[in-house]
Each structure stands twice: as structure tokens, then as C-alpha cells.
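So the sequence shown is residues 449 to 587, counted in the numbering used here.
Note that beta-carbon positions come from the ideal geometry of N, C-alpha and C, so glycine has one too.
Worksheet for the structure shown next.
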Amino acid sequence: MDETALNELIDRFFAAFVSGPDCEERLDALPELFIPQAVIVRTCGSEPLAYTVDEFIAPRRALLTEGTLTDFHEWPLDGRLEVFGDIAHWYGAYAKEGKQDGVAFTGRGMKTVQFVRTAAGWRISAAAWDDEREGLAMP
């Protein structure tokens, strides 16, 4: 049961980042997936940048809705989910593709997502990611 709920949460997290119809609605629902104090961290070869939930969503909303990023989506690949009591962790690969200013691109990386069980159900407490780049490739 926990694994099913957590996998659904992971799917909802990735599904939020799809351009096109219903994008605004998915992004509006995204904060429900997190505890209010959650932290999201981007590394990607530079100094880590930590976001609050709102700080994380705002620039992605702009990218996904302003029209320069089209046909975009990202999705989980292989991952490992571990659950112990009221905490859980997903570590896995993901892929993304789209068009930026009309130019097609693809990418892959790794994400780590931590979860806690709340009175309202499982929520994301932290997430971090790193993307492939020169000198760092997924096996």
C-alpha cells in the first residue's frame, strides 16, 4: 500500500512538468505534494541552489507556460524506492525532452526524493537532482 501511494506521488511529481494543456492546473496542484518546509536542490555541476517549494515552481511555471519551451516533458526511468515506517526515499534516473526556442533537446539525470508520512498521507520533504553533462554520464 505504501509503495503504491509513493509511486503515485512520484508519477504526479514528474507529470507536473509537462508543457501544453492543463499545465497551469498541474503546477497549481504541485505544492500539495510537499510539506510546507520542503527543500529542493539543484546541483548540475555548479554550486548547489536550494529552493523553497514556491521558489522551485515559479521559474518552471514561466518556462512551461510562456511559449519558448514547448513539447516538454520529463519522466522517471529506473528507480529504487525504500520505505521504513514513516519515511521513504526514491533514488532514480529520469529523462526529459522538449523544444527550446524551436530547437529539440533531450537530457537525463538522477533525482533523489525523500518522503514523510503526514496526517494527510505521504508528502515530499526534500528533493535534489543532477543532470548529465560533459564529464558526467549515466552508465
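Residue of the options minimising C-alpha distance to residue i
i    : options                : result
E522 : E480, M449, D579       : D579
Q562 : G555, R474, W570       : W570
A568 : L511, M586, P484       : P484
L454 : H537, V466, V551, P469 : H537
Q548 : T566, L525, D519       : D519
DSSP three-state assignment for residue i, whether helix, strand or coil
i    : result
P469 : coil
A597 : Not covered by the structure: residue 597. The range shown for the chain is 449 to 587.
P484 : strand
A453 : helix
DSSP bridge partner residues for residue i (one or two, in chain order)
i    : result
F563 : A536, I572
D519 : Note: D519 sits in no beta bridge, so no partner.
A498 : V489
D579 : G557
L584 : R581
Any C-beta of chain D under 7 Å from that of residue i
i    : result
I572 : The structure shown contains no chain D, having only a single protein chain.
Do the region 538–552 and the region 491–507 meet, that is, are 3 or more Cβ pairs less than 8 Å apart?
-> no
For the region 530–539 against the region 486–493, are there 3 or more C-beta pairs whose distance is under 8 Å?
-> no
Fully enclosed by the region 525–554, which beta strand (DSSP E) runs are 3 residues long or longer?
-> 535–548
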